[in-house]
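Participant: One structure, as structure tokens, below. Some questions next.
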Amino acid sequence: MAGPEAPEAGWTAFTENITGGGRLELDPAGIEQCIKLCDDHARRMGELANRARHELRATDLGIGEKDIESARELARKFDEKAIGGSGIGIANTAVGLLTAHQSYVKDMKSMFEAVLASYTAQDEAIAASLGTAGSEL
Numbered sequence: 001m002a003g004p005e006a007p008e009a010g011w012t013a014f015t016e017n018i019t020g021g022g023r024l025e026l027d028p029a030g031i032e033q034c035i036k037l038c039d040d041h042a043r044r045m046g047e048l049a050n051r052a053r054h055e056l057r058a059t060d061l062g063i064g065e066k067d068i069e070s071a072r073e074l075a076r077k078f079d080e081k082a083i084g085g086s087g088i089g090i091a092n093t094a095v096g097l098l099t100a101h102q103s104y105v106k107d108m109k110s111m112f113e114a115v116l117a118s119y120t121a122q123d124e125a126i127a128a129s130l131g132t133a134g135s136e137l
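Right, here's the structure in full:
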């Protein structure tokens, strides 16, 4: 999913702009909340991917797959669409989709953490400068 059109490319550019001297006004508590929400969302996407690996298995649909080859083939295709397999890339499966969402929200979290760290460092530098200027008065 990498490349110039990938969603994470936007987060990377945004993070580089902010941490590289761009301008941003923010509420640190709001960013901390976003980080917590990202953690929660990533955890949930991971749980859903794990559930999909186990609960979406289509090994016994009850459509005659034990006796009929075409039913067996259909069950195999449903199974592969859920968890991956021959002919279906992981990105085109339920597990792959949920894992991609988890990865994307982890990228968002990293961006928020970088923004907060940059903001905090800048805030501390400004406070130190003001403290020095105040002592000179």
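Taking our numbering, I'd label the letters of the sequence shown as residues 1 to 137. We put the CB at the ideal spot given by N, CA and C, even for glycine.
#1: So is D123 buried or exposed if we call it buried at 16+ other beta carbons inside 10 Å?
#2: Looking at the strands, I want to know which residues DSSP matches up with G64.
#3: Under 8 Å: do the region 46-60 and the region 105-121 share three or more Cβ pairs, one atom per stretch?
#4: Can you tell me whether G30 is helix, strand or coil according to DSSP?
#5: With a CB to CB cut of under 6 Å and the five nearest residues on each side skipped, what residues in its chain are close to E32?
#6: A42: which of T132, S110, A75 and D79 sits nearest, CA to CA?
#7: In three-state DSSP terms, what is Q96?
#8: Please report how far the alpha carbon of S103 lies from the alpha carbon of L97, in whole angstroms.
#9: Looking only at its chain, what residues have a beta carbon closer than 6 Å to the beta carbon of F78, apart from the 5 residues adjacent to it on each side?
#10: Locate the alpha helix (DSSP H) running through L74, then write down its first and last residues.
#11: Count the other C-beta atoms from every protein chain shown that fall within 10 angstroms of the C-beta of D107, then say buried if there are 16 or more, exposed otherwise.
#12: Look at the alpha carbon of G84 and the alpha carbon of G62, and state the distance between them as a whole number of angstroms.
#13: Hey, R75 and A52 are a contact pair by Cβ (cut 8 Å); roughly how many whole angstroms apart?
Facilitator: Taking the geometry as given:
#1: exposed
#2: Per DSSP, none; premise fails for G64.
#3: no
#4: helix
#5: none
#6: S110
#7: For the sequence presented, residue 96 should be read as Gly rather than Gln. Here G96 sits in helix by DSSP.
#8: 10 Å
#9: So the qualifying residues of the chain are A58.
#10: E69 to I83
#11: buried
#12: Near 21 Å, if we compare the C-alpha coordinates of G62 and G84.
#13: For the record, residue 75 in the displayed sequence is Ala; it is not Arg. Actually they are not in contact, since the Cβ atoms of A75 and A52 sit about 16 Å apart, beyond 8 Å.
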